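Working notes, structure below.
Residue numbers (the numbering used here), protein chains in the order written: chain A, 1 to 268; chain B, 1001 to 1479.
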């Protein structure tokens, strides 16, 4: 039904009465008419006169194209005056009323001509989304997680799997506990920015790669900085590094891990 | 004593049905965690610039902030929103309000425990949460509860037609535990360092696209049509938005490690999926904008709708930046820098918080029968959050780009090798200045977060009485 077929005065009056734009009143009237079987003109006339709109009861599903869609389940949602219209919050009754009296109250003291919105459209089953969502997750995980983790083909490349001592392995755990990887990477990429940092990191790396480089990359730090300098840095005496107060054994282990992080020797 | 306290809490929450009280409690707990997480995020950013200012360094502060904001605030609040809309969209009671309440208690307790574990140095240091492996088991179980409750509720639904919100909710509750499971797998001892790193970024990226933006947008669709009593403009656009957000998770995570040790084909395949991120957010923003056609003038008294609209538009900006950074030419400058820190911070503190407010500002008054305590404060939250998160995003990403170019320049001139570990000196004060400005905007964001919490708690305690939605059980239909 086109706008021109409607009684314009009723539409305008209904829009004014409901405080809504005419186009929305028009759409709502058409949806309501399709659902209840009433005519659009009658609905608009009723709304224009301030009369309560007919109850939205949708006993039979509407099949076919959905002219409009609004939230469902109107029957379970009823607006009632607050059970405690007290201005002072402390005066709200402590005991919640039973549901039955509330329902009765709702039917007797409903505020205004509120008519809950009606969902118009074909039936569907949201559980089908569950199947689709799981399938999508599998696909996304394959592309974003499994794929990148696969062994890359790098013929002739030098391994970045370093032969750490047990003390250094313990130090790697401390490196993790302290959250060093939040600021330091151990990942050298084949890009200009990383030239001079050490051997390009391969898939076989046994370092903690990290994703942020607020501080320098540490994949090859053992070839650049002495153990003494590393300890001084950890203790906050060098390079503006924050001070870490850890016991001497842990410090030794951490220093060992970093000192043994050498991917390129002195010969380059 | 305990009974009296329970009665007082029930009184404050309006004495509605048990599921409504649970939903309202989720919003309150989430607001508390927002303040805590916002403060931790602020401290974390400050510790980048002032390393010795706090006894706990950035390496621990950042995962503590992530844990609090991601699971204490976003998950708790959005799950509260899910429990609010489910009975209203399915025409039936929540499958188990008691289980929902237990889930809230459990996840809140776990977040607090996790903060202590990380703070005292017992964490693993794995980004983004830094939790030890044993922590993931109870967390995974608790994250499965919303899925169980949602499926249980939908299974016995009375309403046979579904509003688009249900897709987004269903997708979010399915994806959240799966994402966490993928993250948990990263703790397997046999896994290589590369796989561990990809599982880390898979969670941080997937959490935003597959849960925060998905569930937040879905709940906001309900808010818009409910608050303004208008029809949704397009079910098809919502469909595009929903599935696109799901696809987007594949690339955002991988993009952070571009040029890293992964097969070359991954960049090509996943780059196409990266475009799904801005497409998804744009589809949802356009859909809501079309839905609001003719109703824009009514938004001044609807702080929830206003916040949600801001959130959707800001999500488009964040998604566009993230997608751009997936191109190899841009990634050669931005990857591993503060650019990504900016995007991750802004995604949660900006659109994430705004979309949460999109549902909570609308739902809470209906759940407890009290008006929003202060519309002015609610509007302040939206404005401060928008200004703060955009400012932080711009200046911190600029600092990241500067870092990236300095690495390239330093490498070309061999300055890096000369400077050794003192590479930061090559940047002069430019990086630090940009970070300082970004931190300044983060303070603005935090002020907004305080306004949000004050609005939520103020509404519960001092909001004026208003009409309350009460769920009334109806007879099962014969349909």
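A virtual CB, placed ideally from N, CA and C, is assigned to each residue, including glycine.
Bear in mind that the values here come from a model prediction, so they are computed numbers and not experimental data.
Quick check on DSSP: helix, strand or coil for residue i?
i              : result
residue 1465/B : strand
residue 1370/B : strand
residue 1359/B : helix
residue 1471/B : strand
residue 1136/B : helix
residue 1258/B : coil
residue 1170/B : helix
residue 180/A  : helix
residue 1095/B : coil
residue 1348/B : helix
residue 1435/B : helix
residue 1124/B : coil
residue 1293/B : coil
residue 49/A   : coil
residue 1065/B : helix
residue 80/A   : Here the model assigns residue 80/A a pLDDT of 42, short of 50, so the residue's position is not dependable and the matter cannot be decided.
residue 124/A  : coil
residue 1376/B : helix
residue 237/A  : coil
residue 260/A  : coil
residue 207/A  : coil
residue 1130/B : coil
residue 197/A  : coil
For residue i, which residues in the same chain have their Cβ closer than 6 Å to its Cβ, ignoring the five residues on either side in sequence?
i              : result
residue 1163/B : 1089
residue 205/A  : 160
residue 1206/B : 1179 and 1249
residue 11/A   : 22 and 44
residue 1287/B : 1233, 1234, 1237 and 1238
residue 1352/B : 1074 and 1212
residue 1115/B : 1064
residue 1469/B : 1366
residue 1362/B : 1223, 1227 and 1304
residue 975/B  : Outside the shown range of chain B, which is 1001 to 1479, sits residue 975/B, and nothing can be said about it.
residue 1281/B : 1315, 1316 and 1319
residue 1173/B : 1146, 1147 and 1150
residue 1229/B : none
Pull up the CB-CB distance for residue i and residue j, whole angstroms please, since I reckon it's below 8 Å.
i              : j              : result
residue 1058/B : residue 1039/B : With a Cβ gap of about 15 Å, residue 1058/B and residue 1039/B do not count as contacting.
residue 1175/B : residue 137/A  : 6 Å
residue 1217/B : residue 1241/B : 7 Å
residue 149/A  : residue 1198/B : 5 Å
residue 1292/B : residue 1224/B : 7 Å
residue 1339/B : residue 1397/B : 5 Å
residue 1402/B : residue 1441/B : Rounded, the Cβ-Cβ distance is 17 Å, inconsistent with contact.
residue 162/A  : residue 259/A  : With 8 Å as the limit, residue 162/A and residue 259/A do not qualify as a contact, their Cβ atoms being about 11 Å apart.
residue 188/A  : residue 223/A  : Not really, about 12 Å apart at Cβ, beyond 8 Å.
residue 1046/B : residue 1439/B : 6 Å
residue 1373/B : residue 1455/B : 6 Å
residue 1285/B : residue 1244/B : Not really, about 12 Å apart at Cβ, beyond 8 Å.
Output needed for residue i: all residues of its chain with C-beta closer than 7 Å, excluding positions within five of it in sequence on either side, in chain order.
i              : result
residue 1071/B : 1107 and 1111
residue 1354/B : 1307, 1308, 1310, 1311, 1314, 1382 and 1385
residue 1056/B : 1119
residue 1033/B : 1068, 1072, 1073, 1076 and 1111
residue 1462/B : 1373
Spatial neighbours of residue i within its chain, please: C-beta separation below 8 Å, excluding the five flanking residues on both sides.
i              : result
residue 229/A  : 238
residue 1195/B : 1186
residue 1466/B : 1365, 1369, 1370 and 1371
residue 1028/B : 1456, 1457 and 1460
residue 176/A  : 208
List the residues of chain C that residue i touches, going by C-beta distances under 9 Å, in chain order.
i              : result
residue 1271/B : Considering every chain present, this structure includes no chain C. Its protein chains are A and B.
- Selection of the segment 1256–1267 of chain B by Cβ proximity to chain A, strictly under 7 Å: 1256, 1257, 1259, 1260, 1261, 1262, 1263 and 1266
- Could you please tell me which residues of the segment 243–264 of chain A, in chain order, have their CB closer than 8 Å to any CB of chain B? 243 and 244
- Message: Taking beta-carbon pairs under 8 Å, can you tell me which members of the segment 1126–1154 of chain B lie near chain A?
- Response: 1126, 1127, 1130, 1151 and 1154
- Which of the residues in the segment 1077–1108 of chain B, read from start to end, lie with their CB under 9 Å from any CB of chain A? 1085, 1087, 1088, 1089, 1090, 1091, 1092 and 1093
- Please go through the segment 1207–1259 of chain B and give each complete alpha helix (DSSP H) segment of 4 or more residues, from N-terminal end onward. 1213–1228 and 1235–1255
- Item | Short-range partners of chain A found in the segment 1312–1324 of chain B, where Cβ spacing is below 7 Å | none
- Task: Could I get the ranges of all uninterrupted alpha helix (DSSP H) runs contained in the segment 1021–1075 of chain B, with 4 residues as the minimum, in chain order?
- Result: 1058–1067
- Task: With 8 Å as the C-beta to C-beta threshold (strictly closer), list the residues of the segment 1046–1060 of chain B near chain A in chain order.
- Result: 1047, 1048, 1051, 1052, 1057, 1058, 1059 and 1060
- Item | Cβ-based contacts, 9 Å cut-off: residues of the segment 187–212 of chain A near chain B | 187, 189, 190, 191, 192, 193, 194, 195, 196, 197, 200, 201, 202, 203, 204, 205, 206, 207, 208, 209, 210, 211 and 212
- Query: According to a CB-to-CB cut-off of less than 9 Å, which residues of the segment 1188–1203 of chain B neighbour chain A?
  - Reply: 1191, 1192, 1193, 1194, 1195, 1196, 1197, 1198, 1199, 1200, 1201 and 1202
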